[in-house]
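Structure representation (structure tokens):
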């Protein structure tokens, strides 16, 4: 219908970084943000792609994120490495902490990276994937905004609390990576159903009285539900405890109180646990990476899919052929490039 | 209908330990097994109660578990503490490793306990609960027998792979604890439906061709399904990787190959991660234990339940009033006490 513009992954990354620099972000932040946003486009994850630029800039314009904070590493030599993001976006803080975390996991077997006081909008898969490149397995989790009721409840309390995991598969293979919300659906999907006048699938949400509903209006006035009933609810609560309370940072409820809106990127912390398969398997029979491949073959061999395969296929395509932007997307990039923060209403 | 026999928790523990000693288990193993089995009865978890004694003894009689192995602690001062269970039951190995794990988590912030070469039948909640008593938060996981197909697949490959978490709430409160199978249902529940001629709820299982089925016979010939679709499937796969492959121990598929039957307790390993809330929260605003209570109050205050509350209520009852055994259960205990391994067909 409308024409598309083809742009290389590298060229798009430069453009997006330039947009962020123009909006007042430091080079480190601009580069880190452009990295994860263009990774989304590259992997066909439009929901974490260039569409996010505006939200990031809106949060800057609202004065709710520090555009030039310097993430500070705190490392006392224990198994807990900490980065104080100083109220800036989490991505640069992660880039600072990731190599230290991986090295610590390799020397101690297991280690954790805590990111505090960050503004967070990105997916977690770029982070666990980065850690697999550094040779370690990783679990990442964080709170978000209180929009989900605990199983059996009715009030928004938990966030969509993402949970991600990565396992290294060596240099020639994409890692085993999953990253999912612990809510059944994203809030944006409910909004989409509302706009299109469609009923929700059962099990997505409750109304303000805690009754199951398939009406998107009632769902938006009520709460979303965790995936997997009480089990998903328990995992989501664990994330509030470990990646909120335990690390001395906001829970999803406190994050929403702090900003008062879900229209800006939330402030909270993040917890990433890294483990060295080499250290854990030391002295035991078998090579863990080779044994993992047997498991993956048994999954794929019966017609099931490994998570993230669609992403990796899209990546192969876009790295070879470039990313196709719609005319609207290209125009919006031009606009952001020309106007900076003035493009944000 | 039939009369019941009331026995105190302590008296039942002594009797069960004596049964295990008579069957040739060392005092350490007998005491540890009696501890977790009677904890099941005490908490109203009949599925992990005295009904398990026979299965334990059957595994001993089949020569598939070492009745007098000495668990060996391997501690190189890193964040990974290891106990080689020497082919014995896991419970004594956990008892040996737990205090070292908790101490290591308190000094390094995060630490892991690996149990290798153990025979495993117990729930994980007694373990994470024990760790909360030692002041740390804990995540525990292990493979089991391959009876679950990955989402989108059709062949049993994953185990029912339990996932448990505990958070300490101080001395006067029961901890926050969950422990669930990553399959939708337990295999025993499907067997129960078959015997009673009832159809299964949708979503529990697939037949041998991978088609969803509500027929228990077809389900037993096929495979169970993970909870929560592809998300639960991903978590179950993570457990195979971390608590099987990474720690150099059996996956669920290898565990089933090793024994060739699901009628005996499986051999595999276990991974437990412990974190010190005090260490993680150090230097940050707020007391993590007090802040966690705000979260729990917000859950309970809206009519939702915390996990394990039924267990804790049963515990309060049985500690005060004793455990009620049916006449059949009491007779079976008498029989096991009198005959030892000869009571096992």
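Chains as they are written, first to last, in the UniProt record's numbering: chain A, 1 to 345; chain G, 1 to 345. Backbone N, C-alpha and C fix where the C-beta goes; we use that ideal spot for every residue, glycine too.
* Asked: Since residue 165 (chain G) is in the beta strand (DSSP E), which residue starts that stretch and which ends it?
  -> 162 to 167
* To do: Measuring only between beta-carbons, confirm whether residue 258 (chain G) sits less than 8 Å from chain A.
  => no
* Buried versus exposed call for residue 117 (chain A) [16 or more other C-beta atoms within 10 Å across all chains shown] -> It is buried - the Cβ of residue 117 (chain A) has at least 16 other Cβ atoms within 10 Å.
* **8 Å contact criterion, which residue 246 (chain A) and residue 109 (chain A) should meet: CB distance rounded** => Not quite, the Cβ-Cβ distance comes to about 20 Å (not below 8 Å), so this is no contact.
* Label residue 25 (chain G) either buried or exposed according to how many other C-beta atoms from any shown protein chain fall within 10 Å of its C-beta, with 16 as the threshold for buried. => buried
* Report all residues from its chain with a CB closer than 8 Å to the CB of residue 236 (chain G); omit the five preceding and five following residues, and keep chain order. => Around residue 236 (chain G): 148, 150, 158, 159, 161, 182, 183 and 226.
* Asked: Could you give the residue range of the beta strand (DSSP E) that holds residue 269 (chain G)?
  -> 267 to 275
* Could you name the residues that DSSP lists as bridge partners for residue 45 (chain G)? => According to DSSP, which records beta bridges pairwise, residue 45 (chain G) is partnered with nothing at all.
* To do: Return the chain-ordered list of same chain residues with a C-beta closer than 6 Å to the C-beta of residue 31 (chain G), the five sequence neighbours on each side being excluded.
  => 17
* C-beta contact flag for residue 290 (chain A) and residue 3 (chain A) at 8 Å -> Pairing residue 290 (chain A) with residue 3 (chain A) gives a Cβ-Cβ distance that is not under 8 Å.
* Going by the CB atoms, is the gap between residue 268 (chain G) and residue 143 (chain G) shorter than 8 Å? -> In this structure, residue 268 (chain G) lies closer than 8 Å to residue 143 (chain G) by Cβ.
* Can you find a C-beta in chain A that's less than 8 Å from the C-beta of residue 321 (chain G)? -> no
* Asked: Along the chain, which unbroken stretches of the alpha helix (DSSP H) at least 4 residues long are found entirely within the segment 83 to 164 of chain G?
  -> 90 to 108 and 125 to 133
* Asked: Does the beta-carbon of residue 1 (chain G) have 16 or more other beta-carbons within 10 angstroms, so that it is buried, or is it exposed?
  -> Residue confidence is low: residue 1 (chain G) scores 49 on pLDDT, short of 50, so the model does not pin down where it sits. Its coordinate-derived value is still stated next. With fewer than 16 Cβ atoms within 10 Å of its Cβ, residue 1 (chain G) is classed as exposed.
* Under the assumption that residue 224 (chain A) contacts residue 187 (chain A) (Cβ atoms under 8 Å), give the Cβ distance between them as a whole number of angstroms. => 7 Å
* Asked: Nearest to residue 344 (chain G) by alpha carbon, out of G:7, G:61 and G:199?
  -> Its Cα nearest to that of residue 344 (chain G), the residue G:61 stands out among G:7, G:61 and G:199.
* Asked: Residues bridged to residue 181 (chain A) by DSSP?
  -> A:162
* Asked: Taking Cβ-Cβ distances below 9 Å as the criterion, which residues of the segment 235 to 248 of chain G are in contact with chain A?
  -> 235, 237, 238, 240, 241, 242, 244, 245, 246, 247 and 248
* Asked: Checking contacts by CB at 8 Å: is residue 114 (chain G) closer than that to chain A?
  -> yes
* For residue 72 (chain G) and residue 84 (chain G), believed in contact at Cβ under 8 Å, the rounded distance -> Taking 8 Å as the upper bound for CB-CB distance, residue 84 (chain G) and residue 72 (chain G) are in contact here, some 5 Å apart.
* Own chain partners of residue 319 (chain A) with C-beta closer than 8 Å, once the 5 adjacent residues on each side are dropped -> Answer for residue 319 (chain A): 9 and 42, listed in chain order.
* Can you tell me whether DSSP reads residue 60 (chain A) as helix, strand or coil? -> Reduced to three states, the DSSP call for residue 60 (chain A) is helix.
* Asked: Touch check for the segment 293 to 312 of chain G and the segment 306 to 325 of chain A: three-plus C-beta pairs under 8 Å?
  -> no
* Residue span of the alpha helix (DSSP H) that contains residue 299 (chain A), given as start and end -> 288 to 300
* Asked: At which residues does the alpha helix (DSSP H) containing residue 25 (chain G) begin and terminate?
  -> No alpha helix (DSSP H) holds residue 25 (chain G); DSSP gives it neither H nor E.
* Proximal chain G residues relative to residue 155 (chain A), where beta-carbon distance stays under 8 Å -> 298 and 302
* What is the DSSP secondary structure of residue 285 (chain G), reduced to helix, strand or coil? -> coil
* Got a sec: is the Cβ-Cβ distance from residue 277 (chain G) to anything in chain A below 8 Å? -> yes
* Asked: Can you name, in chain order, every residue of its own chain whose Cβ lies under 6 Å from the Cβ of residue 6 (chain A), other than the five neighbours on each side?
  -> 322 and 324
* Same chain, Cβ closer than 7 Å to residue 288 (chain A), five either side skipped, listed in chain order -> 277 and 281
* Asked: Which chain A residues are close to residue 285 (chain G), counting only those with a beta carbon under 7 Å from its beta carbon?
  -> 248
* Would you say residue 174 (chain A) reaches chain C, if we count a Cβ-Cβ gap shorter than 8 Å as a contact? -> Going by chain labels, chain C is absent from the structure shown, which instead holds the protein chains A and G.
* Three-state secondary structure (DSSP) of residue 216 (chain G) -> helix
* May I ask whether a heavy atom of the ligand SAM can be found less than 7 Å away from the beta carbon of residue 250 (chain A)? => The model on display carries no ligand, and the ligand SAM is accordingly not part of it.
* Using a C-beta cutoff of 8 Å, does residue 231 (chain G) count as contacting chain A? -> yes
* Asked: Identify the residues that DSSP records as bridge partners of residue 176 (chain A): which are they?
  -> A:167
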